[in-house]
Amino acid sequence: MLSSRIGRGLAAGLVAVSLPLLAGCGSSASQTPYTPADGVWTNHDGLELRNIVAVAPREGEATLVGTIFNVGAGADTLTGVQLPGGRGKVGSGTVPLPASGTAVLGVDTSLGAAVPTALTGAGLKPGLVVPVTFRFQRAGTVRLDVLVVPRKGIWATVPPPGSPTPKLPS
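Residues -23 to -1, 1 to 147 (mature numbering (1 follows the signal peptide of the UniProt record, and there is no 0)) are what the sequence shown spells out, left to right.
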């Protein structure tokens, strides 16, 4: 009887010691940032670029979609986008980003009306990833490897490059 009490005590002690260790193993994986979406994101010098994706109605052209948050203390301006061997056009040429401001690219969202953003180039084919460089007046350049998706499914309502963005329902 004494040996069974000792055995149970040792087992309980082993469980008590190992539970915190096992709990720690699972928590490290949840600390890794993960965005369950097609778009990519990055943080750079007070700017947060979120869910950036290129929506292609056909090969060679795409609408750049995503959101840019200015979480920095000062204003900035998106002065352009470009890709190797291609061209990018942002709205009327520049997009102001006031401190604590937001710029929506490509399609209207609940965050605001979108700035039309078009890309053209031979490398724009659905399924490929293209390097897109964003140029900012204050923050400099930000390069992202952006997925090109076809204009169908959840992306079917994204306006083709060069067309006006649809307005949000009132």
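Virtual Cβ for every residue (Gly too), placed ideally from N, Cα, C.
Practice prompt. Can you tell me which of 63, 68, 112, 104 puts its alpha carbon nearest to the alpha carbon of residue 30?
Written response: 104
Item to complete: Identify whether residue 70 lies in helix, strand or coil by the three-state DSSP scheme.
Response: coil
Fill in: Assigned secondary structure, residue 130 (DSSP; H/G/I helix, E/B strand, else coil)
Residue 130 falls in the helix class under three-state DSSP.
Discussion item. Check whether the region 20 to 39 and the region 64 to 72 touch, using three or more Cβ-Cβ pairs below 8 Å as the test.
Written reply: no
Worksheet item: So residue 98 packs on residue 62, CB below 8 Å; how close in whole Å?
Response: 5 Å
Fill in: For residue 55 and residue 107, believed in contact at Cβ under 8 Å, the rounded distance
At roughly 18 Å, the Cβ-Cβ gap does not stay under 8 Å, so residue 107 and residue 55 are not in contact.
Discussion item. Please state whether the Cβ-Cβ distance between residue 109 and residue 58 is less than 7 Å.
Written reply: Their beta carbons are under 7 Å apart, which means residue 109 touches residue 58 by this criterion.
Worksheet entry | CB of residue 111 within 7 Å of CB of residue 123, strictly | No; because the gap between Cβ atoms is not below 7 Å, this pair is not in contact.
Worksheet item: Quick one, are the C-beta atoms of residue 18 and residue 24 less than 7 Å apart?
Response: no
Practice prompt. Check whether the Cβ atoms of residue 113 and residue 79 lie closer than 7 Å to each other.
Written response: In this structure, residue 79 does not lie closer than 7 Å to residue 113 by Cβ.
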